[in-house]
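Here the structure comes first, spelled out in structure tokens, and everything after it is commentary.
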Amino acid sequence: MFLNSVAGCSTTVEDWNPVDGDTYLSKEGFIFNVFGYEHPPDRVFSFLKYIPAKFKRLFNIKYLERTWNHEGTELFRAERLYTAENYQQLLSTLRTHFPGFVYYCPFRSKEIISSPLDFVARVYVPRECLRSLVETEEKDALQKRAIGLVKLLSDQSGVSMTDFGLHGSIALNMHSPHSDIDLVVYGARNFRRLEATIENLVKEGALSYVFANRLDAARRFKGRFKNTIFMYNAVRNTGELCQKYAAFRFKPVKKVTFRCRVKDDSETIFRPAIYEIENYEPLDDLSMLLREKTPERVVSMIGCYRNVARKGQTIEVHGKLERCENVETSKFSYQVVVGTGETEDERICPIQDSETETR
């Protein structure tokens, strides 16, 4: 492991406004990733990513063979990180052995992994981690490469380096020479500018895309820079935080399978990814709906379904229909959620134009 210190990377809990993409260390030594932007008072919705060796046997999950080391603590990570089965196993173990990390949400009527803020020992905000790394005098080869990539992207896109962030193992100073570079860019407009810039740099041969499957090819969020894999995702800027926790009450209705057209893609780049949709077309009898229950949006809680389709494109969706009640006005709308954490059979599939035309 590289041991170079990134001074001043962490943010105090008192000054922290938790947003998707932030990471925090609990007092027990767990490392969590923040999920989304809406959190209960004095808590933060999260996903447990790294587990200290001393707690490894408590969790009935299959781990990756490699380990990480954070300030002398050996850490393990699930082999399949974001599956419904593993989420339920994590929830079960936390409920039994660390119940403070389980929160019953009255607006979703289910238990969700989250941390009380007083359980948090240290916070790592991507923007601050990048700033601290830039200011660090002694950098190892991978750290220098990460800074070089950000400078290249900033220069070519016109997006300020202060609107980039660094997360993942480099941000936590527990990377190896073969680790990936995990970047975030703050703001929807900056993300779209960066997306176009990376496409141009790929055409010029300065970067290359890395596609492992159809979703990677649709998102184009993963690439290679000087033989190192990098990934980039969008995080909302402060001015883009529009909805607060407890503004809506959600009630699950039933599973649905359908095709639809993306009406608006402006919110698809974040997590949760929100696809405004039209032309709902059920694909089985169980998915037939009354007009008033036709969903207005598809919301993906699973990060890999961010930005997989643009406005005007067709997607096939397998998810859970929910009724959304505005707590203040009592008005109802409907949405379909992908990533309830209850079943693996929830997904968004972008449909190629040729497939759409044959229907």
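Counting in my numbering, the final residue of the sequence shown is number 366, and the numbers go up one at a time with none missing.
Don't be surprised by glycine CBs; every beta carbon is placed ideally from N, CA and C.
Checklist entry - Beta-carbon separation of T264 and H185 under 8 Å? => result Counted from its first residue, the sequence shown places residue 264 at position 257. Counted from its first residue, the sequence shown places residue 185 at position 178. The answer is no: Cβ separation not under 8 Å.
Checklist entry - Rounded to whole angstroms, how far is the Cβ of F52 from the Cβ of S121, which I believe are closer than 8 Å? => result The residue given as residue 52 occupies position 45 in the sequence shown. The residue given as residue 121 occupies position 114 in the sequence shown. With 8 Å as the limit, F52 and S121 qualify as a contact, their Cβ atoms being about 5 Å apart.
Checklist entry - Which residues mark the beginning and the end of the beta strand (DSSP E) in which S161 is found? => result Position 154 of the sequence shown, counting from 1, holds the residue named residue 161. Looking at the DSSP string, S161 is not in any beta strand (DSSP E); the run it does join, the alpha helix (DSSP H), is A148 to S164.
Next on the checklist: Taking DSSP's pairing of strands, which residues face F257 in a bridge?
Outcome noted: Counted from its first residue, the sequence shown places residue 257 at position 250. F257 is bridged to C331.
Checklist entry - Would you say V132 and D49 are within 8 Å of each other, going by their C-beta atoms? => result The count along the sequence shown starts at 1 and reaches residue 132 at position 125. The count along the sequence shown starts at 1 and reaches residue 49 at position 42. No, the pair does not count as a contact, with Cβ atoms beyond the cut-off.
Item to check | Paired residues, beta bridge with N76 - DSSP | outcome: By 1-based counting over the sequence shown, the position of residue 76 is 69. Answer is E81.
Next on the checklist: Just to confirm before moving on: does the CB-CB distance between T275 and I281 stay below 8 Å?
Outcome noted: As a working note, residue 275 is residue 268 in the sequence shown. As a working note, residue 281 is residue 274 in the sequence shown. Their beta carbons are under 8 Å apart, which means T275 touches I281 by this criterion.
Item to check | Exposure label - I355; buried when at least 16 CB within 10 Å | outcome: If you number the sequence shown from 1, residue 355 lands on position 348. It is buried - the Cβ of I355 has at least 16 other Cβ atoms within 10 Å.
Item to check | Touching by the beta-carbon criterion (3+ pairs, under 8 Å), the segment 310 to 330 and the segment 252 to 262 | outcome: yes
Checklist entry - What span of residues does the beta strand (DSSP E) with C112 cover, start to end? => result The residue labelled residue 112 in the question sits at position 105 within the sequence shown. Counting along the chain, the beta strand (DSSP E) containing C112 begins and ends at V109 to C112.
Item to check | R226 versus A316, V191 and A153, residue with shortest Cα-Cα distance | outcome: The residue labelled residue 226 in the question sits at position 219 within the sequence shown. Ranking the options by Cα distance to R226, first place goes to A316.
Checklist entry - Of all the alpha helix (DSSP H) runs that stay within the bounds of the segment 196 to 272, which reach a length of 4 or more residues? => result 221 to 226
Next on the checklist: Is any non-hydrogen atom of the ligand NAP found closer than 7 Å to the C-beta of L98, if you look at the structure I gave you?
Outcome noted: This structure does not include the ligand NAP; it has no bound ligands of any sort.
Checklist entry - Quick one: Cα of G15 to Cα of G172, how far? => result Translated into the one-based positions of the sequence shown, residue 15 becomes position 8. Translated into the one-based positions of the sequence shown, residue 172 becomes position 165. For G15, the predicted model reports a pLDDT of 49, less than 50, meaning its position is unreliable and no value from the coordinates is stated.
Checklist entry - In or out: V334 buried (at least 16 other Cβ within 10 Å) or exposed? => result Position 327 of the sequence shown, counting from 1, holds the residue named residue 334. Result: exposed.
Checklist entry - Leaving out the 5 sequence neighbours to the left and right, which residues in its chain are closer than 7 Å to S361 when beta-carbon positions are compared? => result The count along the sequence shown starts at 1 and reaches residue 361 at position 354. Note that S361 scores 47 on pLDDT, short of 50, meaning its location in the model is unreliable and no value can be drawn from it.
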